[in-house]
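For what it's worth, numbering that gives the first Met the number 0 labels the leading residue of the sequence shown as 0, then goes sequentially.
Backbone N, C-alpha and C define an ideal beta-carbon position, used for all residues, glycine too.
See structure below.
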Amino acid sequence: MTLTKIEASGATWAVRDFTPEIRRMAVEAVEGFRLGPLYTPQTLRGTIMRPPVGGGASWSGAAVDPETGYLYVPSTNGHSTIQLTEPEPHEPSTLRYIRRAVSAGPVMPRGLPLWKPPYTRMTAIDMNTGEHAWMIPTGDGDRIRNHPMLRGLDLPPLGGDASRSGPLLTKTLLIYALTAGGSDGGPRLAAYDKATGAELASLDLPAGALGAPMTYLLDGAQHIALTVGGEVPGLLSFRLPE
Numbered sequence: 000m001t002l003t004k005i006e007a008s009g010a011t012w013a014v015r016d017f018t019p020e021i022r023r024m025a026v027e028a029v030e031g032f033r034l035g036p037l038y039t040p041q042t043l044r045g046t047i048m049r050p051p052v053g054g055g056a057s058w059s060g061a062a063v064d065p066e067t068g069y070l071y072v073p074s075t076n077g078h079s080t081i082q083l084t085e086p087e088p089h090e091p092s093t094l095r096y097i098r099r100a101v102s103a104g105p106v107m108p109r110g111l112p113l114w115k116p117p118y119t120r121m122t123a124i125d126m127n128t129g130e131h132a133w134m135i136p137t138g139d140g141d142r143i144r145n146h147p148m149l150r151g152l153d154l155p156p157l158g159g160d161a162s163r164s165g166p167l168l169t170k171t172l173l174i175y176a177l178t179a180g181g182s183d184g185g186p187r188l189a190a191y192d193k194a195t196g197a198e199l200a201s202l203d204l205p206a207g208a209l210g211a212p213m214t215y216l217l218d219g220a221q222h223i224a225l226t227v228g229g230e231v232p233g234l235l236s237f238r239l240p241e
């Protein structure tokens, strides 16, 4: 398994090269779109923008440890496409072109990923030095790993299971909600060793998380609470064993 490099406008973009067939599909998918470094101009066909409009690491927020100076940042690996068009006669614009659309294209056929994994991840950054202490994919990404064109490959965890929920940091743990990987394949709440990123525990959730978890102490017992979705969203609270 190698990585295909596409040179465009002085930038190198990496598309997924799981197999020769998938490599060909990825190269064809980005053909005709503009790819380039930061501040690459928008175009009529479409300029690919990474991270996407929804943000790579800006949506969920992060967690910081004031004792160690570590910052824990969840992020998403995806893209959006920015497209220009000429304004319609009824539109009050003095510009020759305006931004008409933000779309997800280009898209790989059959639901395959376009870019290299991990598709979601958690990164621990030592703010004292600026170095990345560790990075882990958030989730195994079984939805991708079990794709008919990938099922026979010995792939590592790919990520792609992270929610838009923010992380919760304690003295020893980093707690984060995922959209998949539970005992029934559904949402779960995962606890990681904040020093190494190793997953230590997992708890099934009845629905996907809507916000960051929080913790509190009540009658000497530690609780973790978070809001989950569903037909009627609810607030769940779990008590740690004594």
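Determine whether the beta carbon atoms of G60 and A211 lie at a separation below 8 Å. In this structure, A211 lies closer than 8 Å to G60 by Cβ.
Beta-bridge pairing of S236 - partner residues as DSSP gives them: Per DSSP, A224.
Residues in the same chain with beta-carbon distance under 7 Å from G274, minus the five sequence neighbours each way, listed in chain order, please. This structure cannot settle anything about residue 274, because the visible part of the chain is limited to 0 through 241.
Mind checking whether V52 and S79 have CB atoms under 8 Å apart? The answer is yes: Cβ separation under 8 Å.
Exposure of P136, with buried meaning 16 or more beta-carbon neighbours within 10 Å: With 16 or more Cβ atoms within 10 Å of its Cβ, P136 is classed as buried.
What's the call for T128, buried or exposed, on a 16-neighbour Cβ count within 10 Å? Exposed is the call here.
Candidates M134, L111 and G54, of which the one nearest M121 by Cα: The shortest Cα separation from M121 among M134, L111 and G54 belongs to M134.
Decide if G54 is buried, meaning its Cβ has at least 16 other Cβ atoms within 10 Å, or exposed. Classification for G54: exposed.
So R144 is in the alpha helix (DSSP H); what residue range does that whole segment cover? Per DSSP, R144 belongs to the alpha helix (DSSP H) from D141 to R144.
DSSP-derived helix/strand/coil call for M24: Note: M24 maps to helix in three-state DSSP.
S74, DSSP secondary structure in three states: Strand, per DSSP.
According to DSSP, H131 sits in a beta bridge with which residue or residues? Among the bridge pairs identified by DSSP, H131 is matched with I124.
At least 3 beta-carbon pairs within less than 8 Å: the segment 219–234 vs the segment 202–209: Enough Cβ pairs lie closer than 8 Å, so yes.
According to DSSP, what are the bridge partners of Y215? Partner(s): H222.
Exposed or buried, K193, counting other C-beta atoms within 10 Å across all chains shown (16 or more means buried)? Buried, by the Cβ-count rule.
Buried or exposed, going by whether 16 or more other CB atoms sit within 10 Å of the CB of I256? This structure does not reach residue 256, given that the chain is present from 0 up to 241, and the question cannot be answered.
Tell me the residue span of the beta strand (DSSP E) that contains L188. Here the beta strand (DSSP E) through L188 covers R187 to D192.
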